[in-house]
Structure formats: structure tokens, C-alpha cells
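Residues in the sequence shown are numbered consecutively from 8, following my numbering.
Every residue, glycine too, gets a C-beta built ideally from N, C-alpha and C.
The structure presented is a predicted model; accordingly, all values stated were derived computationally and were not measured.
The structure appears below as C-alpha cells.
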Amino acid sequence: MPVFDDESHLDFVEGLRRFTLREINPVAAEAVRERVAERRPESLEDLRAAAESVPLVGLRNRLLRSTQDMNWARVAAGYERLRPALEAELDDAAGRGPGRIELAEDWEHPAYSADVHFHRQPGGYHDESLAGYVYHYGTKVFHLGTNDRDESKIARAREVPAPADGSVTRVLDIACSVGAMTVAFKDRWPDAEVWGIDSAAPLLRYAHARAVRLGADVVFAQRLAEDLLFPDGTFDVAYLGTILHEVPWDIALRAVAEARRVLRPGGVLVVHEMRQPDDPPEPWATYDRDFDTRFNGEPFAFRFVHGGIGAELERLFSSVEFTNGRTATWVCAA
């Protein structure tokens, strides 16, 4: 951040968020489990009523929403003071290499995302020119110190397997946002042609400026996950990271079909997403995802999590390996 006052404020916000998630959240979850054990909720509305009758749940919800808003407000205000210099930085990088950026002319935002402020980020991803700066630092707080230098993204890129034949000449990062994974893929496979696509021009402009600063020869392009515009079989490796829950269900299905289409035979798609429900669904996990959908700028998340995307991946790919931990990962071979 530009000044230490901003840094210290955000350190406090990060600490309060950590306390909420690691100390309050488990106790609230157990209280809800005890409450619903007395009478199993018959609907989502019943589950909400049962959970929100627990006072600690109200405190937890208030703290999660408040820390989210405190985070974005301070990050945005800090960068606002430097707006002319930062916009000049973006403009200067646009024509520089070693990589390049391709922005579409007369771009129209998809109707499903035009008015959504994902994760409650003010201005959203599409309309605020400094959205990339705000997103990149703001998500630092979200990760609670585990991604201060993009280390979790770098580690995740290293976990993406190459195809069985070992050949990786082209890699696609779908919904790349600020390009942390895109650059990490270039570091992983330095001889490969690496693309990052996203629908949000401000994120792409920041991603390109960051890549220029790091000397990463990658291509960023403004495209939709559901309409990639590449020929069939173009890529050896594709990655879909935490985008499917941010689009309507029908768009998520189209996105995975598009990812399959642009992979060569034997190519690999890795999907990294929100944790999938247990069978039967665990009440607190169901309530928590519903809270995200209602109050955290995630209007499509609940439908996605309970949609069963794994079945669609198994239909499209010859083999699928699924891991369901804190997050869900599918490794799919074309």
C-alpha cells in the first residue's frame, strides 16, 4: 500500500478476519449443528431461521461483512490518492513487452455480471480503472497472509500436471484476473506460449503491467470463458480457477465445454473451485454458502456448489480425478 497507515489498518482488518474465521466461526458452526440436530430443517429457509437464532452467528456474520467492506474501502482509498500515476503506469505498460495485451473493441459486459460487485469489491471488475490494483491487494487480506507474494498461486501452478506425454507448448489460464497464475505458468513452463483470458479490461491491464514489470512473456486477451475464440485443440493445458461459481449455471456448463473443446487429445484441464457438499450436505456448510450468496457478492455460488459440476466433467473428459478438501479440485484428461 502507498503509506504505512494503510498497511497497519489493513493488518488490523486481516487480524480481525482471522479471529472471526478461526475462533468465532467454529464455535458458531457447532452451535448451529446442535440447534438443527433437535429438528432437521426441511428447507433452506428453515435452516436460515435456525442458524440466525444463534446470537454468535449474527456476530460472525456482521464481522465477516464488516471486515470485507473495511478492507475494500481502505485499499480503494489508498490507491485513489495515486490514481493519475497508476493510470499512467497502466497506459505506459500497454504498448510494452515482452508479452502483449489484446482488448476487444466495442466490448459489452455480459448481462449476468454487468452489475455484480463480486466479493463486494466497490466498482466491480469492469468499470473501475484501478480495479486490478484494488483486487490484488484486497485479496491479500482475504488469504490471511498465505498469499502476500502470490506464493499460494505459484504453488498451485506447480501442482498442475502436464499431459501424460509431457508435451506442453501452449497453456491457457481461463478467467485469469490479475494474472498471478498466468505468470506462474510461464515460470513453470518457460518455453510454452501462455495465455490469460478474462472479461474485465481493468484486471487485464493490471495483469499485463505486472507481467511487464516481472519480464514475463505472456499474452492477455479480453474474452469470455464460455466463448474462448480459439480453434479446437489449441492447448495442452488449461486452468479454470474459481470462476465457475461467479457465473450462472448455464454459463458454467458452457465454460467447461469450451475448455474441453480447446484442449488437444490428451490435454489436461484443472478446475479449482469452492468445496463441494458432503452427502448428505452438512447444515453449517450449506448455511455458510448461502450467506456468501446473499451477502458477499456471490449471487451464483449456491447454485454452482449444489449443481454437481463433477458429473458434467466426467461426461466431457476421458478421466477425472477429484479432491475435496478446503477447496475442490478436478484434474481432467481429454
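task = Report yes or no: do three or more beta-carbon pairs, one from the segment 252-267 and one from the segment 312-320, lie closer than 8 Å?
result = yes
Rounded straight-line distance, which links the Cα of PHE309 to that of LEU28 = Counted from its first residue, the sequence shown places residue 28 at position 21. Counted from its first residue, the sequence shown places residue 309 at position 302. Computed Cα separation, rounded: 20 Å.
query = Nearest-angstrom Cα distance between ALA171 and GLY273?
reply = Taking the first residue of the sequence shown as 1, we reach residue 171 at position 164. Taking the first residue of the sequence shown as 1, we reach residue 273 at position 266. The straight-line gap from Cα to Cα measures roughly 7 Å.
ask   = Is it a yes or a no for the segment 53-71 touching the segment 283-296, going by three-plus beta-carbon pairs under 8 Å?
value = yes
inquiry  = Quick check on ALA83: buried or exposed, where buried means 16 or more other Cβ atoms within 10 Å of its Cβ?
reply    = Position 76 of the sequence shown, counted from the start, is the residue given in the question as residue 83. ALA83 should be labelled buried.
query = Rounded to a whole number of angstroms, what is the C-alpha to C-alpha distance between ARG271 and ASN78?
reply = In the sequence shown, counting from the first residue as 1, residue 271 sits at position 264. In the sequence shown, counting from the first residue as 1, residue 78 sits at position 71. Rounded to the nearest angstrom, the two C-alpha atoms are 42 Å apart.
task = Determine the direct distance from the alpha carbon of ARG163 to that of ARG333, and round the result to whole angstroms.
result = Numbered from its first residue, the sequence shown carries residue 333 at position 326. Numbered from its first residue, the sequence shown carries residue 163 at position 156. So the alpha carbons of these two residues sit roughly 14 Å apart.
request  = Label ARG69 either buried or exposed according to how many other C-beta atoms from any shown protein chain fall within 10 Å of its C-beta, with 16 as the threshold for buried.
outcome  = On the sequence shown, residue 69 is found 62 positions in, with the first residue counted as 1. ARG69 is exposed by the Cβ-count criterion.
In DSSP terms, what ALA335 is bridged to = Translated into the one-based positions of the sequence shown, residue 335 becomes position 328. According to DSSP, ALA335 bridges with GLU280 and ASN331.
Cα-Cα separation, ASP224 to VAL269 = Numbered from 1 along the sequence shown, position 217 holds the residue referred to as residue 224. Numbered from 1 along the sequence shown, position 262 holds the residue referred to as residue 269. Taking the straight line from one Cα to the other gives about 21 Å.
message = Assess contact between the segment 36-43 and the segment 113-125, defined as three or more Cβ pairs (one per stretch) separated by less than 8 Å. Is contact present?
response = no
inquiry  = DSSP three-state label for GLU49, please.
reply    = The sequence position of residue 49 within the sequence shown is 42, counting from 1. Correct three-state label for GLU49: coil.
request  = Within its chain, find whatever has a CB closer than 7 Å to the CB of ALA100; leave out the 5 residues flanking it on each side and keep chain order.
outcome  = Working through the sequence shown from its first residue, we reach residue 100 at position 93. Correct list, in chain order: HIS215, ALA216 and VAL219.
inquiry  = Can you check whether the C-beta of PHE329 is within less than 7 Å of a C-beta belonging to chain D?
reply    = Going by chain labels, chain D is absent from the structure shown, which holds only one protein chain.
request  = From the DSSP output, in three-state form, read off SER184 for me.
outcome  = Here residue 184 corresponds to residue number 177 of the sequence shown, with the count starting at 1. SER184 falls in the coil class under three-state DSSP.
ask   = Which parts of the segment 72-136 are runs of the beta strand (DSSP E), unbroken and 3 residues or longer, counting only runs that do not cross its ends?
value = 107-109
query = What are the start and end residues of the beta strand (DSSP E) that includes TRP196?
reply = Taking the first residue of the sequence shown as position 1, residue 196 is located at position 189. Unbroken run through TRP196: none, as it is neither H nor E.
request  = Consult DSSP for ILE31 and reduce its assignment to one of helix, strand or coil.
outcome  = As a working mapping, residue 31 is identified with position 24 in the sequence shown. In this structure, ILE31 counts as helix in the three-state DSSP scheme.
query = Which class does SER326 belong to by DSSP, given the choice of helix, strand or coil?
reply = By 1-based counting over the sequence shown, the position of residue 326 is 319. The three-state secondary structure of SER326, taken from DSSP, is strand.
query = I think PHE149 touches GLY304, with their Cβ atoms under 8 Å apart; what is that distance to the nearest whole Å?
reply = Residue mapping note: residue 149 aligns to position 142 of the sequence shown, counting from 1. Residue mapping note: residue 304 aligns to position 297 of the sequence shown, counting from 1. 12 Å between Cβ atoms; not a contact.
query = Among TRP202, PRO129, SER206 and ARG165, which one has its Cα closest to the Cα of SER120?
reply = Mapped onto the sequence shown, residue 120 falls at position 113. It is SER206 whose Cα lies nearest to the Cα of SER120.
ask   = Measuring CB to CB, does ASP157 end up less than 7 Å from ALA187?
value = Position 150 of the sequence shown, counted from the start, is the residue given in the question as residue 157. Position 180 of the sequence shown, counted from the start, is the residue given in the question as residue 187. Contact flag set, yes.
query = Which whole-angstrom value describes the C-beta separation of PHE237 and VAL178, a residue pair presumed to lie in contact below a C-beta threshold of 8 Å?
reply = Counted from its first residue, the sequence shown places residue 237 at position 230. Counted from its first residue, the sequence shown places residue 178 at position 171. Incorrect: roughly 12 Å between the Cβ atoms, too far for contact.
query = Where does PHE19 land, buried or exposed, given buried means 16+ other C-beta within 10 angstroms?
reply = Within the sequence shown, the letter at position 12 stands for residue 19. Per the 10 Å Cβ criterion, exposed.
inquiry  = DSSP has VAL275 in a bridge; who is on the other side?
reply    = As a working mapping, residue 275 is identified with position 268 in the sequence shown. Its beta-bridge partners are VAL244 and ALA340.
key: Alpha carbon of ASP98 to alpha carbon of TYR142, nearest angstrom   = On the sequence shown, position 91 is the one that residue 98 refers to. On the sequence shown, position 135 is the one that residue 142 refers to. So the alpha carbons of these two residues sit roughly 19 Å apart.
ask   = By how many angstroms is the C-alpha of PRO105 removed from the C-alpha of GLY222?
value = Along the sequence shown, one-based indexing puts residue 222 at 215. Along the sequence shown, one-based indexing puts residue 105 at 98. Rounded to whole angstroms, GLY222 to PRO105 spans 6 Å at the Cα level.
message = I'd like the ranges of any alpha helix (DSSP H) spanning at least 4 consecutive residues and lying wholly in the segment 202-233.
response = 208-221
message = Cutting at 8 Å between CB atoms, please list the residues of its own chain near HIS133, excluding the five before and the five after it.
response = Counted from its first residue, the sequence shown places residue 133 at position 126. Excluding positions up to five away in sequence, the list reads HIS116, SER120, ALA121, SER206, ALA207, ALA208 and PRO209.
key: Paired residues, beta bridge with LEU270 - DSSP   = In the sequence shown, counting from the first residue as 1, residue 270 sits at position 263. Answer is PHE242.
ask   = On the three-state DSSP scale, how would you describe VAL61?
value = Position 54 of the sequence shown, counting from 1, holds the residue named residue 61. Residue state, collapsed to three classes: coil.
request  = Go to ARG165, then tell me how far its alpha helix (DSSP H) extends in each direction, as first and last residue.
outcome  = Working through the sequence shown from its first residue, we reach residue 165 at position 158. Counting along the chain, the alpha helix (DSSP H) containing ARG165 begins and ends at 158-166.
ask   = Looking only at C-alpha atoms, which of TYR213, THR189 and GLU87 sits nearest to TRP202?
value = In the sequence shown, the residue the question calls residue 202 occupies position 195. Nearest of TYR213, THR189 and GLU87 to TRP202, Cα basis: THR189.
query = Alpha carbon to alpha carbon, what distance is there between CYS183 and GLN229?
reply = To locate residue 229, count along the sequence shown from 1; it is residue 222. To locate residue 183, count along the sequence shown from 1; it is residue 176. When rounded, the distance between both Cα atoms is 10 Å.
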